[in-house]
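Undergrad: In my numbering, the protein residues as written are 6 to 326.
First, the structure itself, so that you have it in front of you.
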């Protein structure tokens, strides 16, 4: 079998469907993209597109052979740079550039270390050919502190000029000053990491009063395998505790759900509606449902906001053969 990797770029655009569709088209390598016409059949498959209007952010998940995925990722970054102007971009989610995060994830027949080499090569190419500064994070980081995405993205887009001017904070690939082009594109965080689960928990009752509770809960939820922030989502009219589960052996999804419910109750709130952003491995849900996907969906309240469809959300159902 060919090695397979997954790429999960996060783009700083969630409100203009035509922009998202153009980026998806570029990643897929269809002839109308203007890129190589033969790439639609090169083993890259779009697995999922998750658009968030309030966060003004879209996560596009695709997978395939390593070379094909890296080429597709480059096309997506190029299209995002053409269509997204960071000087006018605003949203609730932290961000550094038009393509904010670009992680490579080993799926089959390839190691995390090999993905890290690919990520550093891709970051260098993005800088050389597109003029977009790049930080390398995760397993691709050049120093321990840069392994943390939060370090690379500290200060967000608004701090980029100062970071470029600081030799300690400067991206792995990029200049010492901001040009008009970089002011438009921002910088990109390119990395290699294991599979993570991005999940949001909604606080009820609705209203902005839940924001302080969401932030307090997020602080207490942080720990091994779990990163968390609290924010208010206009789109849903409620506060959310938003998490990245970076190691489900340390932070199983169902245990995290139960703990966040307890923390919400302690704050005088309750959790109603769990939203998985992107895809989730089948085993994570089987663990939550004692072997049953249907039981996991009920236990975690995954279909409170909208129907949760395993054929569209479970990773193994969508991977290239």
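Cβ coordinates follow ideal geometry from the N, Cα and C atoms, glycine included.
Values in this document were obtained by computation on a predicted structure and should not be read as measured data.
#1: So what's residue 142 in DSSP terms, helix, strand or just coil?
#2: On the DSSP bridge list, what partners appear for residue 67?
#3: From the DSSP output, read off the bridge partner residues of residue 193.
#4: Mind listing, in chain order, the continuous beta strand (DSSP E) runs of no fewer than 3 residues lying wholly within the segment 170-241?
#5: Between the C-alpha atoms of residue 303 and residue 212, what's the straight-line distance to the nearest angstrom?
#6: Apart from the five residues on each side of it in sequence, which residues of its chain come closer than 7 Å, Cβ to Cβ, to residue 10?
#7: Cutting at 8 Å between CB atoms, please list the residues of its own chain near residue 126, excluding the five before and the five after it.
#8: Can you tell which of 207, 51, 61 has its C-alpha closest to the C-alpha of residue 81?
#9: Would you mind working out which of 58, 133, 155 sits nearest residue 142, comparing C-alpha positions?
#10: Which one or two residues does DSSP pair with residue 281 in a beta bridge?
#11: Quick one: grab the DSSP three-state call for residue 45.
#12: Please report the distance separating the alpha-carbon of residue 22 from that of residue 29.
#13: Assuming contact is defined by CB atoms lying nearer than 7 Å, are residue 283 and residue 255 in contact in what I supplied?
#14: What are the boundary residues of the alpha helix (DSSP H) that includes residue 292?
#15: From which residue to which residue does the beta strand (DSSP E) around residue 109 run?
#16: From the DSSP output, in three-state form, read off residue 147 for me.
#17: Report buried or exposed for residue 6, applying the criterion of at least 16 other Cβ atoms within 10 angstroms of its Cβ.
#18: On the premise that residue 140 lies in contact with residue 192, defined as a C-beta separation below 8 Å, what is that separation, rounded to the nearest angstrom?
#19: Measuring only the C-alpha atoms, how far is residue 118 from residue 66?
#20: What does a CB cutoff of less than 6 Å around residue 128 pick up in its chain, not counting 5 residues either side in sequence?
#21: My output table needs one value for residue 250: the three-state DSSP class, helix, strand or coil.
#22: Rank 176, 253, 307, 309 by C-alpha distance to the C-alpha of residue 101 and give the top, closest one.
#23: My output table needs one value for residue 275: the three-state DSSP class, helix, strand or coil.
TA: Concretely, from the data shown:
#1: strand
#2: In DSSP, residue 67 forms a bridge with 12, 51.
#3: Per DSSP, 139.
#4: 193-197, 202-209, 231-238
#5: 25 Å
#6: 68, 71, 74, 109, 110, 111, 112, 115, 120
#7: 75
#8: Among 207, 51, 61, the Cα nearest to that of residue 81 belongs to 51.
#9: 155
#10: Its beta-bridge partners are 204.
#11: Reliability of the predicted coordinates at residue 45 is poor, the pLDDT of 41 falling under 50, and no value is obtained from them.
#12: 10 Å
#13: No, Cβ-Cβ distance for residue 283 and residue 255 is not below 7 Å.
#14: 287-293
#15: 104-113
#16: Annotated three-state conformation of residue 147 is coil, per DSSP.
#17: exposed
#18: 7 Å
#19: So the two alpha carbons sit approximately 21 Å from each other.
#20: 139, 141, 178, 195
#21: strand
#22: 176
#23: strand
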